[in-house]
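Take a look at the structure set out below.
In the UniProt record's numbering, the protein residues as written are 1 to 107.
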């Protein structure tokens, strides 16, 4: 055998080993990423029902705080609301009168 044939043999052998190592690294890396992604997805799926229940509880608590008060509180609350509306209407009327004075130049 000549020296070039032996050299070609060793180059081919080194090439096949390098390709095998690169293929092994790529497959290992891909499977690792797949395993990590799968584990994360399973964790998200495991946490999803609890997240839904937490949101439902928060919405229920918000609805309870916005729910109508008992009848005795509702009557006084509507009177307070009416007083507030009357005060706001009076303030708006006063501001309109002042604005009218300003526009007419008699301010």
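Ideal Cβ placement from N, Cα and C applies to all residues, glycine included.
| Check | Outcome |
| --- | --- |
| List, from N- to C-terminal side, the alpha helix (DSSP H) runs of 4 residues or more that fit wholly inside the segment 8-53. | none |
| Just how far apart, CA to CA, sit residue 27 and residue 11? | 24 Å |
| Would you kindly work out how many angstroms separate the C-alpha atoms of residue 34 and residue 43, rounded to a whole number? | 14 Å |
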